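Numbering (our numbering), first residue to last: -15 to 146.
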């Protein structure tokens, strides 16, 4: 079996005016599930030829109902993760072995009433909240934890009130 490719992806660390980051609970989790991995940052696929900065704003609009944000920064390089063996061929439409991601730090310019998880027909999240950036590694599924650790470290300069 040939090695599946990595899926190009963009991710958003969306900071509010208090320096907290938006995390959202995956809608495909069992009701009441609060375990690690149920919560994540908004992210999504990059279309062929699409500009990553425009893609991250599109993903915010699709996943949380607003793109009222400005880009403050981005990672210096793409970050990769591999799916665990039991998810290869099942997750990510069965077409990818993991993802290569460009992560952006964005400042949310609106107010909380603009966040609508039901804005897209394919609702990915069923709940959201603002959290400390340092809490990211603790909410991540194990195969994404190294990326969330890196985000918590490298984007700390954006986690300030502003």
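Positions of the beta carbon are idealized from the N, C-alpha and C atoms, including for glycine.
Since this is a predicted model, take the numbers as computed values, not measurements.
Item to check | As assigned by DSSP and simplified to three states, the class of residue 144 | outcome: Locating residue 144 in the chain shown gives position 160, where the first residue counts as 1. Looking at residue 144 - three-state DSSP - the assignment turns out to be coil, as it is neither helix nor strand.
Exercise for the section: Rounded to whole angstroms, what's the CA-CA distance from residue 118 to residue 134? Just pull it up for me. Expected result: On the chain shown, position 134 is the one that residue 118 refers to. On the chain shown, position 150 is the one that residue 134 refers to. The straight-line gap from Cα to Cα measures roughly 10 Å.
Q | Extent of the continuous beta strand (DSSP E) to which residue -4 belongs | A | Taking the chain shown and counting its residues from 1, the one referred to as residue -4 is at position 12. Note, residue -4: beta strand (DSSP E), -10 to -1.
Would you kindly work out how many angstroms separate the C-alpha atoms of residue 8 and residue 32, rounded to a whole number?
Stepping through the chain shown from its first residue, residue 8 is reached at position 24. Stepping through the chain shown from its first residue, residue 32 is reached at position 48. One C-alpha to the other measures close to 26 Å.
Exercise. Among residues of its own chain, excluding the 5 on either side of residue 13, which ones have a beta-carbon nearer than 7 Å to its beta-carbon?
Worked result: For the purposes of this step, residue 13 is taken as residue 29 along the chain shown, with counting starting at 1. Excluding residues within five positions, the ones whose Cβ falls inside 7 Å are 22.
query = What residues in its chain sit with their C-beta under 6 Å from that of residue 28, if we drop five residues either side in the sequence?
reply = Within the chain shown, numbered from 1, the residue matching residue 28 stands at position 44. If we look at residue 28 and ignore the five residues flanking it on each side, its Cβ neighbours are 43.
Same chain, Cβ closer than 7 Å to residue 55, neighbours up to 5 away in sequence not counted: On the chain shown, residue 55 is found 71 positions in, with the first residue counted as 1. Excluding residues within five positions, the ones whose Cβ falls inside 7 Å are 37, 88, 90.
**Q.** Integer-rounded CB distance, given that residue 112 should sit under 8 Å from residue 99
**A.** Walking along the chain shown from the start, residue 99 turns up at place 115. Walking along the chain shown from the start, residue 112 turns up at place 128. Indeed they touch by this definition, with Cβ atoms about 6 Å apart.
Next item on the list: Could you check the C-alpha separation between residue -4 and residue 68 for me, to the nearest Å?
Entry: If you number the chain shown from 1, residue -4 lands on position 12. If you number the chain shown from 1, residue 68 lands on position 84. Near 23 Å, if we compare the C-alpha coordinates of residue 68 and residue -4.
**OP:** Give the single residue among -7, 95, 143 whose Cα lies nearest to the Cα of residue 34.
**Re:** On the chain shown, residue 34 is found 50 positions in, with the first residue counted as 1. If we check each option's Cα against that of residue 34, -7 comes out closest.
Original post:
Which one or two residues does DSSP pair with residue 112 in a beta bridge?
Top reply: Taking the first residue of the chain shown as position 1, residue 112 is located at position 128. Answer is 8, bridged to residue 112.
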